[in-house]
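Comments concern the structure below.
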């Protein structure tokens, strides 16, 4: 069976209903019903906590949307007492903060008070179509939520929600198109997960010298290392007890020209801000991507001189030392930082900046051993400067960084592809669920 898309030209106005759902018109042959006219809506009720277990006893239990996955919930809790059972295939809608998340019950579930289960009661409504309609309408429903501290919606907010109803076969076709896009997104997610796992495994092998790289005639040759030396006490710090004999382990302070925390000019003095010097904060470091090409804020030369900020030359390493500890960027422009970031200028004749980036990316979990736990968890400048760095021959460092950068580029490409497909899905949802674009089912594949 094939389908054909075509643009609808024959509409009817929704009048008052349009204000509720943000849809002004639908195709003339479509109907409109309130959600409670075509479905049952069951609000969850939490059983006593004494009935909970994680051993698989009783029914799977979900309290709220924290258990939601991309489409189906991930079950970690079970309950031997259940007040509200959601049938398999019902649509799960989050009614307490965060309002509007949507999943599908892939089995019979017990639902807590943060969830509503919705399931069609007649042949006017297809369950998969309902799922995608609620996903599309979630932002609109969320705007109806009440409560300043803890947002929530009432059962009546769902009951009186208008739902446009195409012919049942068209509902199924709409759901099929959108689920096809979802499967492609899932495939890309799986590829991203596998590639990130490959990267992590390669980092372990390459950064510790278990697998070595030689570049010959622009071709990388990998081989297994057999000649190691023990690291003694250093092994506790970096999680491995040996490295190749020709490698060294050095403290960061011995392989840098300069490493120093930054500072923030007073925000009460306007002359310090909106100048020409890029200024980066710790929260900017946590954003995705290896490189920093621009910043949201800029300071003046006057602000620089009247603070502890300093200009870090391009192709240095920026490492967050407060709050979100261990996040990294390589700055591709001269830049100043706040006091929560240490700027690191490596000695190029000893260490490659890209290799150093990947080492500290892999080292990030080990910082937990050194964190100072005051009001805001942090690393001192001294701790960072004393941290150990394996130092292979410089050419091997560059080869290791090249291999890992190639994998990063593949991951970035997959993520961009995923973002594009998500935008395509949003476009199709808007056009198909409002009837701007219609679907016609063709009798056989030979028809155009």
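Residue numbers (UniProt numbering): 1 to 448.
Heads up, the beta-carbon is just placed ideally off N, CA and C, and yes, glycines get one too.
- Per DSSP, the unbroken alpha helix (DSSP H) holding residue 183 starts and ends at 168-207.
- The beta-carbon distance between residue 329 and residue 358, rounded to whole angstroms, is 13 Å. This is too long to meet the 8 Å contact definition.
- Secondary structure of residue 237 (DSSP, three-state): helix.
- Here the C-alpha atom of residue 25 lies approximately 34 Å from the C-alpha atom of residue 106.
- Rounded to the nearest whole angstrom, the CA to CA distance from residue 370 to residue 409 is 32 Å.
- Apart from sequence neighbours up to five positions away, the residues of its chain that approach residue 191 with a beta-carbon distance below 8 Å are 414, ordered along the chain.
- Within the same chain, 345 come within 6 Å of residue 258 by CB-CB distance, once the 5 residues on both sides are set aside.
- One Cα belongs to residue 83, the other to residue 165, and the distance between them is close to 32 Å.
- Membership of residue 359 in the alpha helix (DSSP H) is indicated by the continuous run 353-363.
- Sixteen is the threshold: since fewer than 16 other Cβ atoms of the shown chains lie within 10 Å of the Cβ of residue 289, the residue is exposed.
- Residue pairing for residue 79: DSSP places it in a beta bridge opposite 52, 59.
- For residue 261, the enclosing beta strand (DSSP E) starts and ends at 256-261.
- Going by DSSP, residue 324 is part of no beta strand (DSSP E) at all; its letter is neither H nor E.
- Under the three-pair Cβ rule at 8 Å, the stretch 336-343 counts as touching the stretch 245-260.
- Annotated as proximal: residue 429 and residue 136, with beta-carbon spacing under 9 Å.
- Annotated three-state conformation of residue 212 is strand, per DSSP.
- Using a Cβ distance threshold of 9 Å, residue 14 and residue 62 do not count as a contacting pair.
- Residue burial is scored here from C-beta neighbours: residue 424 has fewer than 16 other C-beta atoms within 10 angstroms and is therefore classed as exposed.
- Exposed is the label assigned to residue 57, since fewer than 16 other Cβ atoms lie within 10 Å of its Cβ.
- In the DSSP assignment, residue 36 falls within the unbroken alpha helix (DSSP H) covering 35-38.
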